[in-house]
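**Q** According to this note's numbering, the sequence shown is numbered sequentially starting from 4.
Please read through the structure below; I'll follow up with questions.
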Amino acid sequence: MESRTFTARWILPVAGPPLERGTITVRGDKIESVDPAGVRSADEDFGETIVIPGLVNAHTHFDLSGAAGRTIPVPGEPFPAWLTRVIAFRRSRTPEQVDADIRLGIAESLKAGVTLVGDIAAGGLSRSQLSMAPLRAVVFWELIGTTPERFQTSLHTAMLGMATQPNTPACRWSRSPHAPYTVHRRGYELAAQLPGIQAVHLGESAEEMELLRSRSGPFVPFLQALGVWEPDGLIRAPAEFLRTHAELRSLFVHGNFLPGDTPLSANQSLVICPRTHAAFGHPPHPFREFLARGVDVCIGTDSSASNPDLDVLAELRELHRRYPDVPGETLLKMATSNGAKALGFDAVCGTVEAGKSADFVVLPCGSTGDPYSELLNDSAPAQRRTMFRGEWR
Ligand SMILES: [Zn+2]
4 MESRTFTARW ILPVAGPPLE RGTITVRGDK IESVDPAGVR SADEDFGETI
54 VIPGLVNAHT HFDLSGAAGR TIPVPGEPFP AWLTRVIAFR RSRTPEQVDA
104 DIRLGIAESL KAGVTLVGDI AAGGLSRSQL SMAPLRAVVF WELIGTTPER
154 FQTSLHTAML GMATQPNTPA CRWSRSPHAP YTVHRRGYEL AAQLPGIQAV
204 HLGESAEEME LLRSRSGPFV PFLQALGVWE PDGLIRAPAE FLRTHAELRS
254 LFVHGNFLPG DTPLSANQSL VICPRTHAAF GHPPHPFREF LARGVDVCIG
304 TDSSASNPDL DVLAELRELH RRYPDVPGET LLKMATSNGA KALGFDAVCG
354 TVEAGKSADF VVLPCGSTGD PYSELLNDSA PAQRRTMFRG EWR
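This is the structure:
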């Protein structure tokens, strides 16, 4: 098997410092070597470009891709009002439309340079398409049930469904006990019978925090109208919940309203969705405090029901615009190696590094001489070329 060596103006391996005119040598589907300029001669020169690891979208819902422009959040309205529109959208979709929505979400992700995705899937429905697509995926089967009995039914369906499609090296099952307002507190223990990492929406809205704190607020009539109001089944405070589940490999989603000193263990990652956060008009996100405490913070796009598109790099640009004090190097880590760690694929991908899968994205760059500034300030939809497992996609 012959090796191929590539060079570019900048290589940002994430595993180490930027390499100006460095090289990446690929053999088969793996990276054989990453070297500074002058060590190897290149077979192909990408010219004035930046090479970054394949992007990781740690949180999305492909089955909501068809909601684009139809369920736009209205800043200031109670969170359950938006949920009501999303539920109405879901109920309006035929199985064929849901299939098409998932296809659209995968296509958008491929175009954006995503090579690893964590997709929350109602009924596990995205699994078949994801296992055929040229990217890695963790499919989180969405579980809901505000009583132990209802949750058990959801769990049983998931167990049967997962058994029909075993894990492959590139596509794995996980579980998503959806959120504190849709899952009985015992559901989190019951769900641990299913494999993988649990993904839980937590601290997403002020209304959710009010519900957990005082069993009151706009969530009460919303849950009553759905016939699932079970105040005794709610978890107590998020901090206590996180402490009692510290041993479980978990991915907590949003955390918009978690106090910055909320304890997260080494098993617990936090995925933030910057443009969705902005669309709801939430106050500044506490993610910098979590990063400073060494928490694994990664990036998700959430779904087209609340986000303009599924472009992970656009999420980084939003963060850079709102929080310019966060170094570009940290932001790129969040969208690559931190996400790979959160999804349990860090031994395989997430950095451009010898021994890892040959996954990387090539983007055009200008002439400022600062690769991070080039990556984070360019607002035009750049042409991107993606290599996945040693092949151009
Ligand atoms: Zn979500």
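Beta carbons are placed, not taken as given, at the ideal position from N, Cα and C, and that holds for glycine.
For clarity, every value in this text was computed on a predicted model and none was experimentally measured.
Going along the chain, which unbroken runs of the alpha helix (DSSP H) with 4 or more residues stay wholly within the stretch 93 to 166?
**A** DSSP runs (the alpha helix (DSSP H)) wholly in the stretch 93 to 166: 98 to 115 and 130 to 135.
**Q** Mind checking Asn60: buried by the 16 CB within 10 Å criterion, or exposed?
**A** Asn60 is buried by the Cβ-count criterion.
**Q** Quick check on DSSP: helix, strand or coil for Asn60?
**A** Of the three classes helix, strand and coil, the one that applies to Asn60 here is strand, per DSSP.
**Q** Straight-line CA distance for Ala124 to Ala140?
**A** Going from the Cα of Ala124 to the Cα of Ala140 covers about 12 Å.
**Q** Where do the N-terminal and C-terminal ends of the beta strand (DSSP E) with Val203 fall, by residue?
**A** Val203 -> beta strand (DSSP E) spans Gln201 to Leu205.
**Q** Could you please go through the chain and list the residues whose beta-carbon is closer than 7 Å to any non-hydrogen atom of ligand 1?
**A** Spelled out in chain order, the answer is His62, His64, Ile123, His204, Val256, Asp305 and Ser306.
**Q** What did DSSP end up calling Asp299 once you bin it into helix, strand or coil?
**A** The answer is strand: DSSP assigns Asp299 an E or B state.
**Q** So the alpha helix (DSSP H) His17 belongs to, where does it begin and stop?
**A** The sequence shown places Val at residue 17, not His. That residue, Val17, is in no alpha helix (DSSP H); it is neither H nor E in DSSP.
**Q** Check the C-beta distance from Arg387 over to Val365 and give it rounded, since I have them as a contact under 8 Å.
**A** Confirmed, Cβ separation roughly 7 Å.
**Q** So, with DSSP's three-state summary, where would you put Gln271?
**A** Reduced to three states, the DSSP call for Gln271 is strand.
**Q** What does a CB cutoff of less than 7 Å around Arg43 pick up in its chain, not counting 5 residues either side in sequence?
**A** If we look at Arg43 and ignore the five residues flanking it on each side, its Cβ neighbours are Thr8, Thr26 and Thr28.
**Q** Can you list the alpha helix (DSSP H) stretches of 4 or more residues lying completely in the stretch 213 to 272, in chain order?
**A** You should have 222 to 229 and 241 to 247.
**Q** Look at the Cβ atom of Thr339, then the Cβ atom of Gly358, and state whether they are nearer than 7 Å.
**A** For Thr339 and Gly358, no; Cβs fall outside 7 Å.
**Q** Spatial neighbours of Arg106 within its chain, please: C-beta separation below 7 Å, excluding the five flanking residues on both sides.
**A** Counting only Cβ-Cβ distances below 7 Å, and skipping sequence neighbours, we find Gln132.
**Q** Using a 10 Å radius around the Cβ and a threshold of 16 neighbouring Cβ atoms, would you call Gly372 buried or exposed?
**A** Burial call: exposed.
**Q** What did DSSP end up calling Pro78 once you bin it into helix, strand or coil?
**A** Coil at Pro78, not helix or strand.
**Q** Check Met4 in the structure and name its three-state DSSP category.
**A** Coil at Met4, not helix or strand.
**Q** Once the 5 residues before and after Glu250 are set aside, which same chain residues still bring their CB inside 8 Å of it?
**A** Excluding residues within five positions, the ones whose Cβ falls inside 8 Å are Ser268 and Asn270.
**Q** Tell whether a beta-carbon distance below 7 Å holds between Thr52 and Pro367.
**A** Yes.
**Q** Smallest Cα separation from Ser306: which of Thr97, Lys114, Gly121 and Arg96?
**A** It is Gly121 whose Cα lies nearest to the Cα of Ser306.
**Q** List the residues that DSSP assigns as beta-bridge partners of Cys276.
**A** Cys276 is not bridged to any residue.
**Q** List the endpoints of the continuous alpha helix (DSSP H) containing Val355.
**A** Looking at the DSSP string, Val355 is not in any alpha helix (DSSP H), and its letter there is neither H nor E.
**Q** Would you check if there are 3 or more beta carbon pairs closer than 8 Å linking the stretch 298 to 315 to the stretch 271 to 287?
**A** Touching, yes.
**Q** DSSP three-state label for Val89, please.
**A** Helix, per DSSP.
**Q** Compare the C-alpha of Cys174 against each of Ala11, Gly199, Ser208 and His187 and name the closest.
**A** Looking at the Cα atoms, Gly199 is the closest of the given residues.
**Q** Under DSSP, the alpha helix (DSSP H) around Arg320 begins and ends at which residues?
**A** Looking at the DSSP string, the run of the alpha helix (DSSP H) that includes Arg320 is Val315 to Arg325.
**Q** To which residues does DSSP link Arg30 through a beta bridge?
**A** Beta-bridge pairing links Arg30 to Ser6 and Lys33.
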